[in-house]
Amino acid sequence: MSIVKNVAVVGHASKGKTTLTEAMLNVAGVTERMGRTTDGNTVSDSDVEEKKRGVSISSSLLQFTYDDARINIIDTPGLFDFAMGAAEGLRASDSAIVVVSARSGLAAGAEKAFRNAGKKGMARIIVTSKMDDERADFYKAFNGLVAKFGTTMCPVVVPIITAGKVAGYYNMIDDTAYTYDGVHKKPSDIIHDDKARFEAVKEVFSEAVAGTDDELMEKYFDGEPLTKEDKLKGLSLGVAQGSVVPVFALSGLTGQGVDMLLDFIKDCCPAPKSEYAVDAEGEPVEISVDENAPLAAVCFKTVADPFIGKLNYFKAVSGKIVQGKTVVNSRTGKSERVGKIVNMLGIKQNEAKEISAGEIGAVVKLDGFKTGDTMCEQSRVVTLDGVNVPTPCYSMAIKSDKKGEEEKISNALQKLIEEDPSLSYKVNNETHQSILSGLGEQHLDVCLSKLGAKYNVSATLEKPRVAYRETITRKVSAQGRHKKQSGGHGQFGDVFIEFEPYDTEELIFAERVVGGSVPKNFFPAVEKGLRESMEKGVLAGYPMVGVKATLYDGSYHPVDSSEMSFKMAASLAFKAGIPDAGPILLEPIVTLNAVCNDEVMGDVIGDINKRRGRVLGMTPSGDGMQEIVAEVPESEMTTFSTSMRQITQGRGSFTTEFARYDRCPEHIAQKVIAESKNEE
């Protein structure tokens, strides 16, 4: 089909995104009736967890035909914990519909989605949903959009208010008022109660459209009315350039106004466009949307389900994905034959012949491909931009509820990570905990539920342990004497060792033995005994750092002395001397880079200060945002993700990176030491 439109539906949670996509399917004649999120029967939210929670947790591809156009809609989650779904949708689409509630106005998730789509150079449409709600106020919502985003806002379909209620909708493109019978519209002569306001909105529309083209602007200033063709031309130009953001009033619940949105997608949203890739030599190359060119397609989503098998979703930029064709994975360099190709309607699969340039589809049971990979041909190996995977910011230790199922849980988690790369899993060899990281509490909670439902394993989350260190603050000398006699050869080793603070992580071992009181061949054994002792400090059993140990005297027995004897003697010297060397606990410090909206910067800094953090600086980062750089103890960061989300209403983000170890305050150290003794 020559007309292809790829559109992501994005925005804040529970503002009507999935309801809108249900209405689109119904208006397009794909479904006989609209499902409801509250009933758990929508086409998009087909996952068990989605039905249980009543919210989207993953992206859903809905492919259908509307008039003579192929429409590919990707419904995405609005909760920040499931931002991976929005990242998938934005990567595969050329336009983004940002859903805003006409009742509550612009929410944080919608603002963030709007800006993310803009950064990717995508066409953007805003839908003010829930016009069926008696508390809906389109004009208040529209003014809020203009205040936040400026005069690019262009009202295309607006409500006609009569007697305080929505009586119909006015389409600026054909200058016609419509009333609805179900989802079917008919022209009407109804008039808006506030004629002055209505005329002002029409003027905003005309000025925005005229501003996209010199010829249209001249016509507008000459007082000539813009024709429908003029408006479609101007809107198409403005949307593609980003100088116009069309705003549609509609009700997803009733389906009223949705047909005009679909018409606009078909007529004005941009077609798939060329992209830049990197060739085998690392040089940039432009990939044109041409089905006769060599294949270049990006995998934007993966489903690895034990019940339905593996599915890789692709957007083809050039060429065609055809069943039986041998393709190359540019990441691995390996070749693979394409199996069955399907179009998707939620989880329903419809067999397809191919995925042509500009199109979207899924391939069944590809072994080597994962999200972000590029499928290409041996004749032209290229790598397209992958998916912007959100960085995990919330970590917990995961523990099997049944002994012996650790490997089973690990394997299941790898499958979940294949589906959702915003999850990560690793084993901390120091704390001996398995750490599961994601985008928030709900994200990890869903992960646990999926482990049980899909892989029949049960696990619990607990607070991760902090990898503290121990060190000393003053110089001491100590003797370690190991003597054992039990018939035959005995054991004897005697050492005098000086311990002192030293600015290094590893143990520094030195010797200044004179007169052969300790033979040189036993020096390595002494060092080994000390290094093993350093693995477990005397305060709370954490590894020791910053110690220099100098062997300066001792004695030996010509028969009973051995490497083992001197290793034991060194260990005894360590245990005798370190408690008198002013041992202290060190805590890990991380560098925090937090981005937040200007108006809550003080609250974020206050939260950082409460966590014993030290702010190093603040820098404006554009769009009314500030970047805060601070140093914070790692032990205080466990709940920062939740606090940051609450303070910024989801607008903020942050990353952390290990900086160094610092002395732990005495009251904190005593608590850590007491906890370690209780665990023993």
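Numbering (the working numbering), first residue to last: 36 to 715.
Note that beta-carbon positions come from the ideal geometry of N, C-alpha and C, so glycine has one too.
Computed from a predicted model, the values in this text were never measured in an experiment.
- In the DSSP assignment, glycine 396 is bridged to Phe349.
- Around the CB of glutamine 291, 16 or more other CB atoms lie within 10 Å, so the residue is classed as buried.
- In the DSSP secondary-structure assignment, phenylalanine 544 is bridged to Ala584.
- Residues of the same chain with a CB within less than 6 angstroms of the CB of alanine 397, apart from the 5 flanking positions on each side, are Leu346, Tyr348, Val377, Met379 in chain order.
- Here the alpha carbons of glycine 344 and arginine 366 stand approximately 22 angstroms from one another.
- Residue environment: aspartate 408 is assigned as buried (16 or more neighbouring CB atoms within 10 Å of its CB, all protein chains considered).
- Put simply, the backbone Cα of glutamate 321 is about 47 angstroms away from that of tyrosine 696.
- In this structure, DSSP gives glutamine 526 an extended state, which the three-state scheme calls strand.
- Around the beta carbon of glutamate 169, fewer than 16 other beta carbons lie within 10 angstroms, which makes this residue exposed.
- The count of Cβ pairs closer than 8 angstroms, one atom from the region 519-536 and one from the region 454-473, stays below three, leaving the stretches out of contact.
- Annotation for cysteine 482: the continuous alpha helix (DSSP H) segment containing it runs 476-490.
- Put simply, of Asp80, Met59, Asn41 the residue whose alpha carbon is nearest the alpha carbon of isoleucine 382 is Asp80.
- The C-alpha of valine 134 is placed about 15 angstroms away from the C-alpha of lysine 175.
- The alpha-carbon separation between isoleucine 663 and threonine 654 amounts to approximately 7 angstroms.
- In this structure, glycine 612 and isoleucine 532 form a Cβ contact; the two beta carbons are roughly 7 angstroms apart against a cut-off of 8 angstroms.
- DSSP, reduced to helix, strand and coil, places alanine 315 outside both helices and strands of the structure shown, so it counts as coil.
- The three-state secondary structure of leucine 60, taken from DSSP, is helix.
- Proline 329 places its beta carbon 8 angstroms or farther from that of serine 391.
- Per DSSP, reduced to three states, the secondary structure at lysine 388 is coil, with no helix or strand assignment.
- When secondary structure is reduced to three states using DSSP, isoleucine 452 falls in the helix class.
- Per DSSP, reduced to three states, the secondary structure at serine 688 is strand.
- In terms of Cα proximity to isoleucine 452, the closest of Phe256, Glu57, Met119, Lys645 is Met119.
- Between phenylalanine 240 and proline 190, the beta carbon gap of about 5 angstroms places them in contact (Cβ cut-off 8 angstroms).
- When only Cα atoms are considered, lysine 268 and aspartate 116 end up about 39 angstroms apart.
- Tyrosine 255: member of the alpha helix (DSSP H) spanning 249-256, first to last residue.
- For tyrosine 174, there is no enclosing beta strand (DSSP E); the enclosing alpha helix (DSSP H) covers residues 173-184.
- In the three-state DSSP reduction, proline 190 falls in the strand class (E or B).
- For serine 435, the enclosing beta strand (DSSP E) starts and ends at 429-435.
- When Ala104, His227, Val280 are compared, the shortest CA-CA separation from lysine 183 is found for Val280.
- At the C-beta level, aspartate 110 and serine 95 come within 8 angstroms of one another.
- Gln681 is the residue among Gly185, Cys699, Gln681 whose C-alpha sits nearest the C-alpha of aspartate 642.
- Here tyrosine 311 is exposed: its Cβ has fewer than 16 other Cβ atoms, across all protein chains shown, within 10 Å.
- Counting the other CB atoms within 10 Å of its CB gives leucine 620 a total of 16 or more, which places it among the buried residues.
- Excluding sequence positions up to five before and after proline 341, its CB lies within less than 8 angstroms of the CB of Lys450, Lys489, Tyr490, all in the same chain and listed in chain order.
- If you ignore the 5 residues before and after lysine 155, its C-beta comes within less than 7 angstroms of the C-beta of Leu125, all in its own chain and listed in chain order.
- At a Cβ-Cβ threshold of 8 angstroms, leucine 55 and serine 164 count as neighbours.
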